[in-house]
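>
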Amino acid sequence: MFHQAVTMKNSLWSYFHLLFRMAEAHSAVAFSFTITHEGVNINYDHDIFYAVWQSGLRSWRRRLTKFWNNVWTGAYPASPYSLLIIATIIAFLTWKERDVSHGFVTFLDSHFTDNPLFSTFSIAAFYICYTIILWLIFVNAVRYIVKLLFVYKGWMYQSRTGKASFKTKLWLGIISFIAKRKPQLYSFQGSLPNLPVPALDETMKRYLLSVKPLLDEEKHKRMEILAQEFSSGIGKKLQRYLILKSWWATNYISDWWEEFIYLRGRGPLMIDSNFYGIDAILVHPSKIQAARAACLIHSAFLFRRSIDRQTLKPIMVQNLVPLCSAQYERVFNTTRIPGKETDKLVHLDDSQHVAVYHAGRFFKVPVYYMGRLLTPAEIQRQIEKILNDESTPQPGEEYLGALTAVERKVWAEAREKYFAKGLNKASLSTIEKAAFFVSLDEDSYCFDSNDRSKLDEFGRAMLHGKGYNRWFDKSFNFIIAKNGRIGLNAEHSWADAPIMGHLWEFCLCQEFNTNPFTEDGNCVGEVKNNIFPPSRLKWDFSPEIIELIGNCKESSQRAINDVDLRLLMHDAYGKGFMKKCRVSPDAYIQMALQLAYYRDSRKFSLTYEASMTRLFREGRTETVRPVTMESCDFVKSMIDPKATNERRIELLRRACDRHQRGYQDAMCGKGIDRHLFCLYVVARYLNVDSPFLKEVLSEPWRLSTSQTPHGQTDMMDLKKNPHHISAGGGFGPVADDGYGVSYIIAGEDIVFFHISSKVSSPETDSERFRRHIEEALADMRNIFESKS
Numbered sequence: 001m002f003h004q005a006v007t008m009k010n011s012l013w014s015y016f017h018l019l020f021r022m023a024e025a026h027s028a029v030a031f032s033f034t035i036t037h038e039g040v041n042i043n044y045d046h047d048i049f050y051a052v053w054q055s056g057l058r059s060w061r062r063r064l065t066k067f068w069n070n071v072w073t074g075a076y077p078a079s080p081y082s083l084l085i086i087a088t089i090i091a092f093l094t095w096k097e098r099d100v101s102h103g104f105v106t107f108l109d110s111h112f113t114d115n116p117l118f119s120t121f122s123i124a125a126f127y128i129c130y131t132i133i134l135w136l137i138f139v140n141a142v143r144y145i146v147k148l149l150f151v152y153k154g155w156m157y158q159s160r161t162g163k164a165s166f167k168t169k170l171w172l173g174i175i176s177f178i179a180k181r182k183p184q185l186y187s188f189q190g191s192l193p194n195l196p197v198p199a200l201d202e203t204m205k206r207y208l209l210s211v212k213p214l215l216d217e218e219k220h221k222r223m224e225i226l227a228q229e230f231s232s233g234i235g236k237k238l239q240r241y242l243i244l245k246s247w248w249a250t251n252y253i254s255d256w257w258e259e260f261i262y263l264r265g266r267g268p269l270m271i272d273s274n275f276y277g278i279d280a281i282l283v284h285p286s287k288i289q290a291a292r293a294a295c296l297i298h299s300a301f302l303f304r305r306s307i308d309r310q311t312l313k314p315i316m317v318q319n320l321v322p323l324c325s326a327q328y329e330r331v332f333n334t335t336r337i338p339g340k341e342t343d344k345l346v347h348l349d350d351s352q353h354v355a356v357y358h359a360g361r362f363f364k365v366p367v368y369y370m371g372r373l374l375t376p377a378e379i380q381r382q383i384e385k386i387l388n389d390e391s392t393p394q395p396g397e398e399y400l401g402a403l404t405a406v407e408r409k410v411w412a413e414a415r416e417k418y419f420a421k422g423l424n425k426a427s428l429s430t431i432e433k434a435a436f437f438v439s440l441d442e443d444s445y446c447f448d449s450n451d452r453s454k455l456d457e458f459g460r461a462m463l464h465g466k467g468y469n470r471w472f473d474k475s476f477n478f479i480i481a482k483n484g485r486i487g488l489n490a491e492h493s494w495a496d497a498p499i500m501g502h503l504w505e506f507c508l509c510q511e512f513n514t515n516p517f518t519e520d521g522n523c524v525g526e527v528k529n530n531i532f533p534p535s536r537l538k539w540d541f542s543p544e545i546i547e548l549i550g551n552c553k554e555s556s557q558r559a560i561n562d563v564d565l566r567l568l569m570h571d572a573y574g575k576g577f578m579k580k581c582r583v584s585p586d587a588y589i590q591m592a593l594q595l596a597y598y599r600d601s602r603k604f605s606l607t608y609e610a611s612m613t614r615l616f617r618e619g620r621t622e623t624v625r626p627v628t629m630e631s632c633d634f635v636k637s638m639i640d641p642k643a644t645n646e647r648r649i650e651l652l653r654r655a656c657d658r659h660q661r662g663y664q665d666a667m668c669g670k671g672i673d674r675h676l677f678c679l680y681v682v683a684r685y686l687n688v689d690s691p692f693l694k695e696v697l698s699e700p701w702r703l704s705t706s707q708t709p710h711g712q713t714d715m716m717d718l719k720k721n722p723h724h725i726s727a728g729g730g731f732g733p734v735a736d737d738g739y740g741v742s743y744i745i746a747g748e749d750i751v752f753f754h755i756s757s758k759v760s761s762p763e764t765d766s767e768r769f770r771r772h773i774e775e776a777l778a779d780m781r782n783i784f785e786s787k788s
């Protein structure tokens, strides 16, 4: 008996000690008991049970808050308080013996009041249900009216000319009245219209017009014949299925786009899919790695809290028209899980820790204690413990992240074989269930206006790092350099860049506006010593998996060596000068890129520019095709020495107007490529072949461009703080013989460009293209300045 009692005591002692050990606390166990001749003696740590209790309270508070927010947003633009108003009106009219519902109230009074089978409580229940039904009818009627108002898009086209019709003025007046009531993040979701399916003939016309500058006359006629055969034949059937889906689904594109373009892609995420963002390079709030990491982590959790509580303001176009907020739901606690044929996105409702990588080791860092979020100073202490940890990586641990950088099938098979049980499964689950991933790099990154290579190195570190010191499956990675510089790397399938841009800007603004650092660069605030410390993740790797990890590391390194990434800080002029030219700054830059590309390759190529469709529910992106007849005419005029500057300016403005119209068409659901993509998916499901769709979708995009979003929060005033600008972010090349170009219009006088290509391609050179962009921007300014 005594031996069994001691064995039971020791096993429980070990279990509870591992489960509940406290940070920097006494070494006693959290809970234990002993059996003696005098009875049972129970010892427990009061603090740990209080922490468990507080954690449970926090969970229930989150559930109640979420429930109330759902009620509030479900009623918007009406108010939940309107239920009380309707109930009061019904009670008053009933008391006055007035028939407000075609005899329904009278029917209740005459049939149930004197009936002993029905008590007063039953009658009250009938009245309550009747009131709720009327309220729901009222709420849905208001939401439907608002949805009809948002279907109207004429205001967008009339904003180009500055002249609004009476219809638009009336519409603006009604929308302005609705927008006066402060919305929550998801308030407008139920009122946003569904994305319409464009008419098939209209899409065919837009497509043929878009490829006209890229094809000779014979090839263009051939495409006209194929388009005609498609639209008069199988295309009609495919269109009917697509319209049927649009009636049934909230968005007829987004689910297929996520599945077929992202999750079924078998290529590596590291360069082919993920994108990155860079610090505000002109300021350096703190050079202490742990402090900068702590402030960044704390700000991110504040952003998550604002999403959970829906206190984050929805993005509004001209402060009137809302954009869809659905993509915010998966910013945190989300991981892409590899599969042999298709991946899947796993999103958790909550997570109270982050996964941290440093010097080849993985750690779990709790950021909540007793139901509260740790302060930046407390998180800094946690990070410092990791930085001061002198333990060495286990065999294979240092390069483990390379598994997420290679082909998805390789990672899926390895995950199934080596991470399905035991210690490896538990540690991998800790990483995948983290709110996000943090990488504490051992290298320093910086910006030097006299040395472009420094910024190039910064960008490459954010895009791919070393190939193994990022976890590319997580929704996003925060990267903190040894000297305190920061950046991010984001997975693309769960959302698009504007969402990460919003988070990134929020985190930077928190630093600029709250002054969280002391003069020596540490976080402001006191530190409690009893918080849970970081815990080192353990692994059990066989020689077989260690060899696989090594092979993946070499594969990722080969991919890294083939990336040619260059950054350009263009500060000769910016948005201010472009506006003086009476053109859209985005269209102006797109024309500069077309001119640069033509000089680089001596031809025009199919160009991709991303446009958002978040004016519709669950909208993501649409393609704008910047190569038009007008843009080609402008580029040719810049090459032609006989063309006058007046003629070039005229052609530039025509090209910019045409581009802006195409951008607006894409935002309003009148795009080309997503429609054709969905028709192709329907054809695949029906197992029918279409020569037209096959040829269209096989056309290579040799120039892919995107504007980095910014200005989504009013926390930072660039006029007062002109140095508080981020260098934006970028992505890898979309084609082996093409360029990927991202740009951000930073303030009035600076534009950052991120240019990527493949080293192995004899046709591309990012450094050469960077020079061509500078030359194009300089030449375009000269045609205005030397107009006379």
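Numbering (full-length UniProt numbering), first residue to last: 1 to 788. No residue lacks a Cβ here, since even glycine has one placed at the ideal position from N, Cα and C.
Considering only their Cβ atoms, is the gap separating HIS723 from LEU296 smaller than 7 Å?
The answer is no: Cβ separation not under 7 Å.
> Within the same chain, show all residues whose beta-carbon is closer than 8 Å to that of ALA461, passing over the 5 residues directly before and after it, in chain order.
Its chain contains ASP441, ASP443, TYR445, ILE479, ALA481 and GLY487 as the residues whose beta carbon lies nearer than 8 Å to that of ALA461, once the 5 sequence neighbours on both sides are disregarded; these appear in chain order.
> Counting Cβ pairs closer than 8 Å, one from the segment 461 to 471 and one from the segment 683 to 695, do we hit at least three?
no
> Taking the DSSP output, what are the residues bridged to PHE437?
ALA355 and ASN477
> Taking buried to mean at least 16 other C-beta atoms within 10 Å of its own C-beta, is TYR685 buried or exposed?
exposed
> Note down, in chain order, each residue of its chain lying with its Cβ closer than 6 Å to the Cβ of GLN382, except the 5 sequence neighbours on either side.
Excluding residues within five positions, the ones whose Cβ falls inside 6 Å are VAL365 and PRO534.
> So what does LYS364 bridge to, in DSSP terms?
ALA355 and SER535
> Using the three-state DSSP reduction, which class does LYS182 fall into: helix, strand or coil?
coil
> With DSSP run on the structure shown, which of helix, strand or coil describes ALA778?
In the structure shown, ALA778 falls within a helical segment according to DSSP collapsed to helix, strand and coil.
> If you draw a straight line from the alpha carbon of GLU329 to that of GLY732, how long is it in whole angstroms?
26 Å
> Scan the segment 547 to 610 and note each continuous beta strand (DSSP E) run of 3 residues or more that stays entirely inside, going in chain order.
563 to 570
> So GLN590 and GLU609 are supposed to be a Cβ contact under 8 Å. How far apart are they, rounded?
7 Å
> Is LEU320 helix, strand or coil by DSSP?
coil
> Between which two residues does the alpha helix (DSSP H) holding PHE692 run?
Element bounds for PHE692: 691 to 697.
> Answer yes or no: do ILE755 and ARG770 have a C-beta to C-beta separation smaller than 7 Å?
yes
> Under a Cβ-count criterion, where at least 16 other Cβ atoms within 10 Å of its own Cβ denotes burial, should GLY550 be classed as buried or exposed?
exposed
> Closer than 8 Å is the cut-off here; do at least three beta carbon pairs connect the segment 390 to 398 with the segment 544 to 564?
yes
> DSSP three-state call for residue 817: helix, strand or coil?
Absent from the model: residue 817. The displayed extent of the chain is 1 to 788, so no value can be given.
> How long is the line joining the alpha carbons of LYS553 and GLY401, rounded to whole angstroms?
8 Å
> Could you give the residue range of the alpha helix (DSSP H) that holds VAL197?
First-last for VAL197: undefined, no H or E at that position.
> In whole angstroms, give me the CA-to-CA distance for ASP736 and VAL759.
9 Å
> Hey, could you find the ends of the alpha helix (DSSP H) VAL688 is sitting in?
From DSSP, VAL688 is part of no alpha helix (DSSP H); its letter is neither H nor E.
> Would DSSP call ASN489 helix, strand or coil?
strand
> On the CB-based measure, 16 or more other CB atoms within 10 Å of its CB, does ASN782 come out buried or exposed?
Counting of Cβ neighbours within 10 angstroms places ASN782 among the exposed residues, the total staying below 16.
> Three or more C-beta pairs under 8 Å: does that hold for the segment 561 to 578 against the segment 412 to 432?
The count of Cβ pairs closer than 8 Å, one atom from the segment 561 to 578 and one from the segment 412 to 432, stays below three, leaving the stretches out of contact.
> CB-CB under 7 Å to GLY198, same chain, minus the five flanking residues each way: which ones, in chain order?
Correcting the residue identity first, residue 198 is Pro in this sequence and not Gly. Cβ neighbours of PRO198 beyond the five flanking positions: GLY669, LYS670 and HIS675.
> At which residues does the alpha helix (DSSP H) containing TRP381 begin and terminate?
According to the sequence as given, residue 381 is Arg; it is not Trp. 376 to 388 is the extent of the alpha helix (DSSP H) around ARG381.
> Quick check: the Cα distance between ARG266 and LYS344, rounded to an integer number of angstroms?
Just so you know, the alpha carbons of ARG266 and LYS344 end up roughly 12 Å apart.
> In this structure, what does DSSP give as the bridge partners for PHE303?
Answer is none; PHE303 lacks a bridge partner.
> Contact defined as beta carbons within less than 8 Å: I believe MET569 pairs with SER611. What is the distance between those atoms, to the nearest angstrom?
About 25 Å; that fails the 8 Å criterion.
> Per the DSSP calculation, MET612 is bridged to which residue(s)?
Partner(s): THR621.
> Do you know offhand how far ASP779's Cα is from ARG452's?
22 Å
> Would a C-beta distance cut-off of 7 Å place ALA377 and VAL527 closer than the cut-off?
Cβ atoms of ALA377 and VAL527: closer than 7 Å.
> Give me the Cβ distance between LEU323 and ARG617, rounded to the nearest whole Å; I'm assuming they're in contact under 8 Å.
About 10 Å; that fails the 8 Å criterion.
> On a CA-only basis, which of GLY525, THR607, PRO641 and PRO183 is nearest ILE315? Give me that one, please.
PRO183
> Do you know offhand how far GLU519's Cα is from ILE288's?
11 Å
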